[in-house]
Structure formats: C-alpha cells, structure tokens
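One structure below.
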Amino acid sequence: MSDDYGYDYEDDSPYGTETEYGAGDADVLDGDDGADGAGASRDGGRGPERTFAALPPAQGRGFATSWWGRAWLQALEDTALDGQQLKQGRQLARKGGVGAVSVRPGRITAMVRDRDGTAHRSDVLLQQLGAGAWDRFLDMAVDRAGHIAALLDREMPPHLVEDAAGAGVELLPGIGDLEPECTCGAWDHCPHTGALCYQVARLLDEDPFVLLLMRGRDERRLLDELQVRSAARAIRPGDGGAAEATDDAEREVRGVPAGEAFGAAGILPPLPAPPSAPDTPGLGPSLDTETPPAPGIDPAALEVLAADSAVRAHRMLLDALAPGHEEQPFPVELTPRQDAVRLAADARPDARVGARLASGSGRTPADLDAAVRAWRYGGVPALAVLDEEWAPAPEDLGRARVRLDEAWEAGERPALRANRRARWTVPGADLQLRLDRDGRWWPYRKERGRWVPAGPADDDPAGALAGAEESGAADGTSGTGTAI
C-alpha cells in the first residue's frame, strides 16, 4: 500500500514483536478477595499491559501446538453456541484479519477486519484470580522446585496446572469463562471475538505468561514474588535451610583457585562460532493500544523511530561483519535536513508522520518524495545532485561535452539543451542528465511538471539516459520526445 507521499508501507507487522506498554503494579483485586477468588473483576481496567504485533496469516498450520494453547481453544469451542460463526472467526484469523493484540488483566483486545475491510473492536473477558488465590498458587509453586524451573523456562507443565487446581486455583479457562464483547453487536462469540481467541492461542504457544497476565499477574511481578518466597523458605529456621544457605555462601566466596583455572585453560573447548547476522532488521513495537500515551508522546512517530533504529542497527552490524571494515573511513555525519530524508526513506512512515518530516526539514511533501527517491538511488551524493546547483569550471564543462559526444555513435546522440548548472535536457522528451562534482551522470525525468530522480548514477551518460527512458516506459510516464 502507498501513502499520500509515495512511501510503501504495510498495515500489520509480521509476528515476533511484542512490548510492554503502560505499567501498573497493583492488581485489580488485591484489595478485595474472597476465599476462592470469587467475585473477581473481569474488566481489566488497571494493571500491566502487553501488546503483540499482528501475526501473519496461519495458512497450512494449526492455531495451537502446546497443550495449554489447545486447552484455551477447547474452552472457546465448548463455550460458543454458534459453530458456524466460530468457523468464520477461524477463517478470519487464518487470513490475517486480526490486528495487534492487547493483553491485560481480565481482558484481551484487538481490531478485527472482515473480508470487506470493515473493522470491529473485539474484546474477550476472563475472570482474574484474587489475592488469596495467587497466594495459594505461589505457595504451591515454591513447594515444588520443578514448577519454579518450568516457569523460569517459560513453560507450563501439565502437573503445574493440576497442582494449582488441587490448591483451588484454576489457571486455564473452562466452559463459559471466555466472555465476548464486540462492536458488531453479536451476543455470542461472533466471528471477530472467535478470530481473536484463535490468535491468542498462537500467542500462548510462544509464551504461557500471557495466560497468567490475563489471570491478573504479569511475568515480572510473578517471578519476583516466587524469588522472595523461595529465599524466605530457604532460610527458615529449624528445617536446615539456614545451614544450606550458609554452605552455598561459603562455596560462592571460595570460588575457583587461580592455579586450577589456569591449568584448565588449555583443555577448554574453543568458543562457538558467532551467530550469523539476521537477514532482515528486527521489528519495532506496535503501540496501537487502548492505554493513552503520556502527554507530548506521539505513538506513531515513536514507532517510526523504533523501526528506524532497527534498520540502522542491522546495517551497522552488516558493515561491521564485512571484510575490510576496519579500513573503511568513518561515515560523514548527516545534517538534520539530510537525516530527515534518510529517516523517511528507511522507516517508510505514514502520511501524517511523513508530513511532519517534510515540514521539519523545510520541504513540501512533494519535495520530500523526490528527495526520498534520490536517497534510495544514491544516498548523500544523489541528494546533493537534487538539492544543489553548481557551475562547472570551463575545463570540467569541456570534458563533459567530450564525454557526451563520445557516448553515442555519429548521428545517434539525442538533441541536448545545456545550461550553466551542469544539466542537459532532451527537448520534448521530459528527460534530463545532471553531472555531479565527481563526473558521474544522474538521470532525471519530469513528472507533473517537476524534475525527479529516475535512476542511479552512471559513468556513461548514454547509459544513464537509457536507464531513465526504460524506467519511464515501465511506469508509463516517459515523454514523447524525438531523438535526433
């Protein structure tokens, strides 16, 4: 898709990006809990929030491979009364109709698009656990070291869920636990809330802490509380825990004798090869959430800056790994006006952010569009050819004319009208050659009454002009001039 300034962009990012957006360290329920967590709120109005970028289409694969992801879908399919609507929701999710998913205590939210592009806000509510239920869960987990290890490895083994249920804490949803809300007005699980639930099953495959967050606790808080309880239990008097802690402390202080470490140096295996560089830059966060941004923060602009940082980091990594990198000169620092063009070219912002970049760099949106084209053809040198005018010295101008005469066979050179700014125009053809200070030729083409870059530089003026003609013929904008 292209915005108003000619930048290509995609509505949704591929799967793999997530971010914490918004913060809150108070559970909705911690001030008021029944014996079994009954009466827990479903609104998820406060607390931490995580937002996951939209996932790619799921064609050719199931929506859940983990047992907890399948249990989530089983609760959905047992709850929905209209199997046909659920089937439509599965098709929407499979085709990528679910946008970024916001997860917070008691609620998941996403914008879901029908096949005709109509967007609906869909929510699914899940009852949170109360403070008493979380206390029982944490005590149960601390009693079993395997549960702590599994949680640290981002796993949720079946026996953890079974032991939690034995303590009166139901982690996985059951029949009727998933309560749908959708702007389409359906009273049951409509295709939109169904699609959202199928998408969440894929998130659960990757991170079971998503389920725990929906139940009321975020990962950081949960692991911190487990650590505190484990440490307190380890030093509890009367059960040998203090002695074990003392022994561990002594072992930590002793360390490894220097002679032993030196002697082992020759038998240690070699370090593994460093990982290869990723093929593409990492994906920036999606900040399209319900949590309002702080005053003065523009989430769309922040997304552009994050995406640009990923592109620059990836480029720097590839440069650093390239042979002979240490012999290359340091890159020239860009001016703010140049960097605005680079940012627009690399980050491909939407129309609103593009307009801000144009204004901040002293250009109109159309001027920024032309500058972005120049940047993509040749960076700073191409931008200089677009922005700057220079008058070659007589000897430089003479060499340029000789090059023009030599570039074509006798009688084949097109008519060229020159001016003093090192620019030669083909009359009637809307084509132009521009000479830079290094003696290279840059093709330009007139579009909507303005000259815009039409290709990269070429040492041969005939090659540069031919490239401009070919690109114009490909997009239907070439002129109808007559070659002489």
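Numbering (the working numbering), first residue to last: 580 to 1063.
Ideal Cβ placement from N, Cα and C applies to all residues, glycine included.
The alpha-carbon separation between V740 and V682 amounts to approximately 21 Å.
As summarised for the segment 666-716, the continuous beta strand (DSSP E) elements at least 3 residues long and confined to that stretch are 680-683, 686-692 and 698-704, given in chain order. Apart from the 5 residues on each side of it in sequence, C761 sits with its Cβ closer than 6 Å to the Cβ of H699, S701, C769, H771 and T772 in its chain, given in chain order. Put simply, of W766, F631, R781 and D695 the residue whose alpha carbon is nearest the alpha carbon of A637 is R781.
Here T762 carries a coil assignment [DSSP, helix/strand/coil]. Positions of the alpha helix (DSSP H) runs, each at least 4 residues long and wholly inside the segment 737-784, are given as 737-745 in order along the chain.
Assigned with DSSP and collapsed to three states, R996 falls in strand. For V959, the uninterrupted alpha helix (DSSP H) segment begins and ends at P944 to D966. Here A979 has L1014 as same chain residues with Cβ atoms under 6 Å from its own Cβ, once five neighbours each way along the sequence are excluded. Within 10 angstroms of the beta-carbon of H738 lie fewer than 16 other beta-carbons, which makes it exposed.
Comparing C-alpha distances from A1036 to each of Y1023, R1029, R1027 and G1028 shows the shortest one belongs to Y1023.
It is roughly 33 Å from the alpha-carbon of A744 to the alpha-carbon of G678.
Approximately 6 Å separates the beta-carbon atoms of L805 and A720; this is inside 8 Å, confirming the contact. With respect to the 9 Å criterion, A961 and W969 are not classified as neighbours on the basis of their beta carbons. A distance of 9 Å or more separates the beta carbons of V691 and V779. Per DSSP, reduced to three states, the secondary structure at F631 is strand. The beta carbon of W987 sits closer than 6 Å to the beta carbons of A1041 from its chain, once the five residues preceding and following it are set aside; these are given in chain order. For E1026, the uninterrupted beta strand (DSSP E) segment begins and ends at W1020 to E1026. Taking V789 as reference, the option from R686, E991, D887 and L1012 with the minimal CA-CA separation is R686.
Residue environment analysis places G641 among the exposed positions, since fewer than 16 neighbouring C-beta atoms fall within 10 angstroms of its C-beta. Leaving aside the five residues that flank E758 on each side, the residues in its chain whose CB is nearer than 8 Å to its CB run, in chain order, R621, V703, L704 and L705.
Rounded to whole angstroms, the separation of the alpha carbons of P752 and R794 is 10 Å.
Cβ-Cβ distances below 7 Å link D898 to H904 in the same chain, with the five nearest sequence neighbours on each side left out; the list follows chain order. Per DSSP, reduced to three states, the secondary structure at Q907 is coil, with no helix or strand assignment. Unbroken alpha helix (DSSP H) runs of no fewer than 4 residues, entirely contained in the segment 864-903, are found at 878-900, following chain order.
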